[in-house]
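Numbering (the numbering used here), first residue to last: 29 to 423. Glycine included, C-beta positions come from ideal geometry on N, C-alpha and C. Accompanying notes for the structure given below.
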Amino acid sequence: MALKYIDQVDLKGKNVVARFDFNVPLDKKDNKTITDSTRIDEALGTIQAMLDAGVNRIVMMSHLGRPDGKTNPKYSLEPVATALAQKLGQEVVLTESCLDAGIKTLLNLKQHKLILLQNLRFHAEEEANDANFAKILASYGDFYVNDAFGTAHRKHASTYGIVAHHKHTCAGGLLLKREVEALSKVVDSPAKPFVAIVGGAKVADKIKILERLLPDVSSLLIGGAMAYPFLKAQGHSVGKSLCSEDDVALAKKLLQSNSKSKIILPRDHVVSSSLEGNPEPVGSVEIPADKMALDIGESTLAHYSSILKGAKTVLWNGPMGLFENKSFAKGTFGIAEVLAKLDAFTLVGGGDSVSAVNKAGLGDKMSHVSTGGGASLEFIENGSLPGIQALKFGI
Ligand code: 3PG
Ligand code: MG
């Protein structure tokens, strides 16, 4: 069965219940100001397309943060409701919860076109994929749309269990479609040479991706904290750099694999005594005992750039250093600049590399910037996600 998207179904007159990923970052001081509205902006096309298709009503659902099954005003979707209303130029009614009697009344009133349910994760039943909760959510519409790519790796009531009640009345949204098409390009048939750049902190979190990618890529460029367990496994000194023994063991395994020659590691570094310390270049692979490496060095950036020059497909996941501190941002921003100029399909996934690309102002120079962190990683590992499989095959 093929996965259907909303541009392939007739939604005229339908009452749609739709899952989005409006899990946007809020300013830590006021818990109100949205600091990056990408996930809302990327969903607007789906909402507008459904309105243009003549839907009767859309009940929108999302989680925000991890309130662990309890109501917590800190994680209210109120700022999202306000942003949606502003961006769409239409009233958006926010409910008090996902279950209260007020919702039935609201739906019976039939005056409101856009309704946003309060945070799904205020109910423990959401993450437990509770069957009854899923059934209630399903009853808020006669058609179910899932556009929450960023949450499609979770088997939750609103992303998974709900499909049991909408087996033949469900479709993916347009953001989900863009994500699946872009990621499938890289997973199924990448134009060669295909180069992957992987950074970030933990080898354990990304080991499956590295194993999955190694046979397909011509080079795997490793940077950021991901690099130090590999360097240590090769016998180099890593000083005080982030490096767990478990990760060294995993790195050793990859360095013994058939594809070991494709793994490219930093040759030099920018180090410091602490995360807030002064940046000091070290022109060798060896990191001094009393220092930690916090960025790739100039020679490494030049080396990685030269490998990227001829690439036709590039997947980038994870920063090259502690780019949040501008003393250690050169490697990460340097890679972003190289990708921006390439004549290649460039896909950036994973929360940190996405925010680095956006911070560098280069997001629109990439072929695709994923709205999914964990979701994009799991898609690359497994070629699909539970929420997508459910739309395709039912549950
Ligand atoms: C995310 O930001 O990773 C998604 O919104 C999913 O949230 P979660 O990781 O808390 O399940
Ligand atoms: Mg996550």
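- Distance from the CA atom of V215 to the CA atom of G411, rounded to whole angstroms, is 7 Å.
- Taking the Cβ of G415 as the reference point, every heavy atom of the ligand MG lies at 8 Å or farther away.
- Annotation for G401 indicates a beta carbon within 8 Å of some heavy atom of the ligand MG.
- For H184, the closest of S381, W344, K213, L148 by C-alpha to C-alpha distance is L148.
- Look at P257 here: in three-state DSSP terms it is helix.
- Per DSSP, the unbroken alpha helix (DSSP H) holding H331 starts and ends at 326-336.
- Uninterrupted beta strand (DSSP E) stretches at least 3 residues long and entirely within the segment 62-104 occur at 85-89, given in chain order.
- A81 and M88 have their C-alpha atoms spaced approximately 16 Å apart.
- Looking only at L283, S269, H264, the smallest Cα-Cα distance to L242 is reached by L283.
- DSSP, reduced to helix, strand and coil, places T360 within a helical segment of the structure shown.
- Per DSSP, the continuous alpha helix (DSSP H) segment holding E155 begins and ends at 152-155.
- Contact fails between the segment 218-237 and the segment 302-320, because fewer than three Cβ pairs, one in each stretch, are under 8 Å apart.
- When the alpha-carbon of R206 is set against those of S395, G415, G422, the nearest one is in S395.
- In this structure, T66 has its beta carbon at no less than 8 Å from each heavy atom of the ligand 3PG.
- In the three-state DSSP reduction, F161 falls in the helix class (H, G or I).
- Between the ligand 3PG and T179, a heavy atom-to-CB distance of less than 8 Å is present.
- T110: member of the alpha helix (DSSP H) spanning 106-116, first to last residue.
- Remark: fewer than three beta-carbon pairs, one from each stretch, lie closer than 8 Å, so the segment 310-325 and the segment 273-283 are not flagged as touching.
- Across the set V226, L31, K387, D64, the C-alpha of V226 shows the shortest separation from the C-alpha of L405.
- Here N147 is not bridged, per DSSP, to any residue.
- Straight through space, the alpha carbons of Q417 and K42 are spaced by roughly 23 Å.
- Taking 9 Å as the cut-off, the Cβ atoms of T61 and L54 count as close.
- Straight-line spacing of the CA atoms in A162 and S125 works out to 14 Å.
- In this structure F361 is buried. Its beta-carbon is surrounded by 16 or more other beta-carbon atoms within 10 angstroms.
- Closer than 8 Å to some heavy atom of the ligand 3PG: that describes the Cβ of D49.
- The three-state secondary structure of V44, taken from DSSP, is strand.
- For D371, the three-state secondary structure derived from DSSP is coil.
- The DSSP-derived three-state label of G402 is helix.
- For G378, the closest alpha carbon among the candidates K393, N353, F407 is that of F407.
- Its Cα nearest to that of A46, the residue V173 stands out among L329, V173, P95.
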